[in-house]
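For what it's worth, the working numbering labels the leading residue of the sequence shown as 5, then goes sequentially. Inspection log for the structure reproduced underneath, given as structure tokens.
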Amino acid sequence: MKSTIRLSHRLTELTPSPTLAIAAKAADMESSGRPVINLSAGEPDFDTPELIRKAALLAMESGQTRYTPSQGTRPLREAIRDKFETDNQLHYPLDSILIAPGAKYALHALAQCLLNPGDRVVIVAPYWVSYPDIIRLSGAECTVLQTDARDRYRLDLDALDHALHPPSRFFILNSPSNPTGIQYRRAELESIGAILRRHPQIVIATDDLYEKILWSNEPFSNLPMVCPDLQDRCVVINGVSKTYAMTGWRIGYAAGPKVLIRAMADFQSHTIACANTIAQAAAEAALRSLPELITGMVTTYHNRHDYLVPELSRLAGVTITPADGTFYLFADCRTFLNDTPSIGNDVALASELLEHAGVAIVPGSAFGAPGHIRLSYAIDLATLKIAVERLQHFWNRHTGLRS
Ligand SMILES: Cc1ncc(COP(=O)(O)O)c(C=O)c1O
Numbered sequence: 005m006k007s008t009i010r011l012s013h014r015l016t017e018l019t020p021s022p023t024l025a026i027a028a029k030a031a032d033m034e035s036s037g038r039p040v041i042n043l044s045a046g047e048p049d050f051d052t053p054e055l056i057r058k059a060a061l062l063a064m065e066s067g068q069t070r071y072t073p074s075q076g077t078r079p080l081r082e083a084i085r086d087k088f089e090t091d092n093q094l095h096y097p098l099d100s101i102l103i104a105p106g107a108k109y110a111l112h113a114l115a116q117c118l119l120n121p122g123d124r125v126v127i128v129a130p131y132w133v134s135y136p137d138i139i140r141l142s143g144a145e146c147t148v149l150q151t152d153a154r155d156r157y158r159l160d161l162d163a164l165d166h167a168l169h170p171p172s173r174f175f176i177l178n179s180p181s182n183p184t185g186i187q188y189r190r191a192e193l194e195s196i197g198a199i200l201r202r203h204p205q206i207v208i209a210t211d212d213l214y215e216k217i218l219w220s221n222e223p224f225s226n227l228p229m230v231c232p233d234l235q236d237r238c239v240v241i242n243g244v245s246k247t248y249a250m251t252g253w254r255i256g257y258a259a260g261p262k263v264l265i266r267a268m269a270d271f272q273s274h275t276i277a278c279a280n281t282i283a284q285a286a287a288e289a290a291l292r293s294l295p296e297l298i299t300g301m302v303t304t305y306h307n308r309h310d311y312l313v314p315e316l317s318r319l320a321g322v323t324i325t326p327a328d329g330t331f332y333l334f335a336d337c338r339t340f341l342n343d344t345p346s347i348g349n350d351v352a353l354a355s356e357l358l359e360h361a362g363v364a365i366v367p368g369s370a371f372g373a374p375g376h377i378r379l380s381y382a383i384d385l386a387t388l389k390i391a392v393e394r395l396q397h398f399w400n401r402h403t404g405l406r407s
């Protein structure tokens, strides 16, 4: 029978997360006995470290099983305040810090508290897949600034200046970036800051989720660190998902102007009440842990990156931009696709790779960059080597070479 249920206008605008859709298709193939190597995942392949799991057990055993304030527990907010002091030399009082069930929800809460229909939000492509939908759910529209592999995904400052005029209200910068793995350097942030100073109506979100998964020769910086005068209109978004292999625990956080953080806490109080109490205790242990806890994971991602870059660069018509961090590589396949009209575009390429090479990747269109693909190396090196062989075989078949 045909359903008579009508969805809200907001929802009809929503596109399901393409990364999750590909992971689901890959899982379907797996369950029907067709082995797939999944390079589409956006999460670490490590287990949450024991020290963190133990903190959760202790929290449960000691009765930390009730609601917390919607803004988050005081001990976790203190740990976040101390993290900002130590790592970023940024000072936030406790009422400027909010704990959310994931950085994704913190961004959603921020968009809901800040934006109105008719407002515009400036984002940089390739962008993290959820930004456009988070923005659309708030009734606002995106202005997308394109960047290109040929310029190492550098932002065109004139285009930024132009885009930031009203009705733009909000600007999101993500570094190191999902999907490119590229970090904004201090000098670039200074130039971006100089443009932002000309647009005082703009609130800035700096999405620092991959702050610690970084191996470039320059330490991490974000806009408020480089341009302290902008701190009063910056919201820093961060979380424990990627750094501490805690994606399923759902803890993220935001730090910024009190008025926004207060509104976001009120918004949370009527939507999710609070982030999970036990997970908050676990996140506190993560943030209080010694840096060595994550060194092994970061080194492993880095080694896999260094293996992949030369191997993937051998694929005809593909340009790989080495990453500064994260566990992603973004491959520019435009030349290959131009020379291979039988495939057509990046979405078809993703589907062919899944069907014929048994390798799941995410098409660049999902990140606002058609003609590219994102490969995640949150997978062990031995499997990664098999994936590379399969990719090389697929490519050779299409470019007429013998593998
Ligand atoms: C750039 C970026 N920001 C935010 C998030 C959200 O992370 P979480 O909600 O798990 O904290 C992700 C997750 O993939 C991401 O890649």
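Note that CB positions come from ideal geometry on N, CA and C, so glycine has one too.
Looking at the secondary structure, which residues open and close the alpha helix (DSSP H) in which Asp-91 lies? Here residue 91 refers to the residue found at position 87 of the sequence shown. Secondary structure note for Asp-91: it is in no alpha helix (DSSP H), with a DSSP letter that is neither H nor E.
Quick one: does the C-beta of Ser-245 sit closer than 7 Å to a heavy atom of ligand 1? Taking the sequence shown and counting its residues from 1, one reaches residue 245 at position 241. Yes, since a heavy atom of ligand 1 falls inside the 7 Å radius drawn around the Cβ of Ser-245.
Would DSSP call Glu-65 helix, strand or coil? In the sequence shown, the residue the question calls residue 65 occupies position 61. Helix, per DSSP.
Could you check which residue in Thr-52, Thr-151, Gly-106 has the C-alpha nearest to that of His-376? Reading the sequence shown from its first residue, position 372 is the one you call residue 376. Minimum Cα distance to His-376 is reached at Thr-151.
In the DSSP assignment, the alpha helix (DSSP H) including Ile-138 goes from what residue to what residue? By one-based count along the sequence shown, residue 138 stands at place 134. Where Ile-138 is concerned, the enclosing alpha helix (DSSP H) stretches over 134-141.
Uninterrupted alpha helix (DSSP H) stretches inside the segment 284-358 (no shorter than 4 residues): 296-317, 338-343, 350-356
Identify whether His-397 lies in helix, strand or coil by the three-state DSSP scheme. As a working mapping, residue 397 is identified with position 393 in the sequence shown. His-397 falls in the helix class under three-state DSSP.
Taking a contact to mean a Cβ-Cβ separation below 8 Å, would you say Val-244 touches Ala-277 in this structure? By 1-based counting over the sequence shown, the position of residue 244 is 240. By 1-based counting over the sequence shown, the position of residue 277 is 273. Against a cut-off of 8 Å, the Cβ pair of Ala-277 and Val-244 comes out as no contact.
Which one of Leu-114, Arg-173, Leu-294, Arg-10 has the shortest CA to CA distance from Thr-147? As a working note, residue 147 is residue 143 in the sequence shown. Looking only at Leu-114, Arg-173, Leu-294, Arg-10, the smallest Cα-Cα distance to Thr-147 is reached by Arg-173.
Please give the ranges of any alpha helix (DSSP H) in the segment 154-226, keeping only runs that are unbroken, at least 4 residues long and fully inside the region. 161-167, 190-200, all fully within the segment 154-226.
For Tyr-381, I'd like the list of residues in its chain whose CB is within less than 8 Å of its CB, leaving aside the five on either flank, ordered along the chain. Along the sequence shown, one-based indexing puts residue 381 at 377. Annotation for Tyr-381: Leu-43, Tyr-305, Arg-308, His-309, Leu-312, Phe-331, Tyr-332, Leu-333, Leu-388 place their beta carbon closer than 8 Å to its own, counting only its chain and skipping 5 residues before and after.
State the DSSP-derived secondary structure class of Arg-406, mapped to helix, strand or coil. As a working mapping, residue 406 is identified with position 402 in the sequence shown. With a pLDDT of only 42 at Arg-406, under 50, the local geometry of the prediction cannot be trusted, and the value read off the model is given with reservation. The answer is coil: DSSP assigns Arg-406 none of H, G, I, E or B.
Per DSSP, Gln-150 forms a beta bridge with which residues? Within the sequence shown, numbered from 1, the residue matching residue 150 stands at position 146. DSSP lists Ala-129 as partners of Gln-150.
Top-ranked residue by Cα proximity to Asp-212, from His-166, Leu-98, Tyr-188, Arg-201: For the purposes of this step, residue 212 is taken as the residue at position 208 of the sequence shown. That would be Tyr-188, whose Cα lies nearest to the Cα of Asp-212.
Beta-carbon contacts of Glu-89 that lie in its chain and below 8 Å, excluding the five residues immediately before and after: Within the sequence shown, the letter at position 85 stands for residue 89. Within the same chain, Glu-89 has close Cβ partners His-95.
Three-state class that DSSP yields for Ala-409 in the structure shown: For residue 409 there is no data in the structure shown, the boundaries of the chain being 5 and 407.
Would you identify the three-state DSSP class for Cys-231, choosing helix, strand or coil? Start at 1 with the first residue of the sequence shown, and residue 231 comes out as number 227. In this structure, DSSP gives Cys-231 a state outside helix and strand, which the three-state scheme calls coil.
How is the alpha helix (DSSP H) around His-95 delimited, first residue to last? The residue labelled residue 95 in the question sits at position 91 within the sequence shown. No alpha helix (DSSP H) contains His-95, which DSSP labels as neither H nor E.
For Met-64, count the other beta carbons within 10 Å of its own beta carbon; 16 or more makes it buried, fewer makes it exposed. Which is it? As a position in the sequence shown, residue 64 is number 60, starting the count at 1. Under this definition Met-64 is an exposed residue.
How long is the line joining the alpha carbons of Ser-35 and Leu-358, rounded to whole angstroms? For the purposes of this step, residue 35 is taken as the residue at position 31 of the sequence shown. For the purposes of this step, residue 358 is taken as the residue at position 354 of the sequence shown. Whole-angstrom Cα-Cα distance: 14 Å.
Compare the Cα-Cα distances from Gly-46 to each of Leu-114, Gln-396, Ala-364 and report the closest residue. Your numbering for residue 46 matches position 42 in the sequence shown. Among Leu-114, Gln-396, Ala-364, the Cα nearest to that of Gly-46 is on Ala-364.
Euclidean distance between Cα positions of Leu-283 and Ala-167: Taking the first residue of the sequence shown as position 1, residue 283 is located at position 279. Taking the first residue of the sequence shown as position 1, residue 167 is located at position 163. A quick correction: the sequence has Ala, not Leu, at residue 283. So the two alpha carbons sit approximately 39 Å from each other.
Does ligand 1 have a heavy atom nearer than 7 Å to the CB of Asn-178? Here the question's residue 178 lines up with position 174 in the sequence shown. Checking every heavy atom of ligand 1 against the Cβ of Asn-178, one is found closer than 7 Å.
Please work out which residues of its chain come closer than 8 Å, Cβ to Cβ, to Arg-156, disregarding the five sequence neighbours upstream and downstream, and give them in chain order. Here residue 156 corresponds to residue number 152 of the sequence shown, with the count starting at 1. Cβ within range, chain order: Ile-186, Thr-325.
Ala-258 to Asn-182, Cα distance in whole Å? Position 254 of the sequence shown, counted from the start, is the residue given in the question as residue 258. Position 178 of the sequence shown, counted from the start, is the residue given in the question as residue 182. If you take the alpha carbons of Ala-258 and Asn-182, they lie about 18 Å apart.
Could you check what DSSP says for Gly-256 in three-state terms: helix, strand or coil? The residue given as residue 256 occupies position 252 in the sequence shown. Three-state result, Gly-256: strand.
Check whether the Cβ of Asn-182 lies closer than 7 Å to any heavy atom of ligand 1, and answer yes or no. Indexing the sequence shown from 1 puts residue 182 at position 178. Yes, since a heavy atom of ligand 1 falls inside the 7 Å radius drawn around the Cβ of Asn-182.
Buried or exposed for Thr-72, please, with buried defined as at least 16 other CB atoms from any protein chain shown within 10 angstroms of its CB. Counting from 1 along the sequence shown, the entry for residue 72 is found at position 68. Classification of Thr-72: buried, given that the 10 Å Cβ count is 16 or more.
Report the partner residues of Leu-55 according to the DSSP bridge assignment. Taking the first residue of the sequence shown as position 1, residue 55 is located at position 51. Looking at the DSSP output, Leu-55 bridges to nothing.
Could you check what DSSP says for Ile-26 in three-state terms: helix, strand or coil? Taking the sequence shown and counting its residues from 1, the one referred to as residue 26 is at position 22. The answer is helix: DSSP assigns Ile-26 an H, G or I state.
Distance CB(Met-268)-CB(Ala-113) smaller than 8 Å: Here residue 268 is taken as the residue at index 264 of the sequence shown, counted from 1. Here residue 113 is taken as the residue at index 109 of the sequence shown, counted from 1. A contact, by the Cβ cut-off of 8 Å.
So, are the CB atoms of Phe-340 and Gly-368 less than 8 Å apart? The count along the sequence shown starts at 1 and reaches residue 340 at position 336. The count along the sequence shown starts at 1 and reaches residue 368 at position 364. In this structure, Gly-368 does not lie closer than 8 Å to Phe-340 by Cβ.
Coil, strand or helix - Ser-7 by DSSP: Reading the sequence shown from its first residue, position 3 is the one you call residue 7. The answer is coil: DSSP assigns Ser-7 none of H, G, I, E or B.
Quick check on Ile-377: does DSSP put it in helix, strand or coil? Residue numbering aside, residue 377 sits at position 373 when the sequence shown is read from its first letter. Reduced to three states, the DSSP call for Ile-377 is strand.
Give every residue of the same chain whose Cβ lies closer than 7 Å to the Cβ of Thr-344, excluding the five residues on either side of it in the sequence, and list them in chain order. By 1-based counting over the sequence shown, the position of residue 344 is 340. Excluding residues up to 5 positions away in sequence, His-402 lie with their Cβ nearer than 7 Å to the Cβ of Thr-344 in the same chain.
Using a threshold of 7 Å, is the CB atom of Thr-52 nearer than that to any non-hydrogen atom of ligand 1? As a working mapping, residue 52 is identified with position 48 in the sequence shown. The answer is no for Thr-52.
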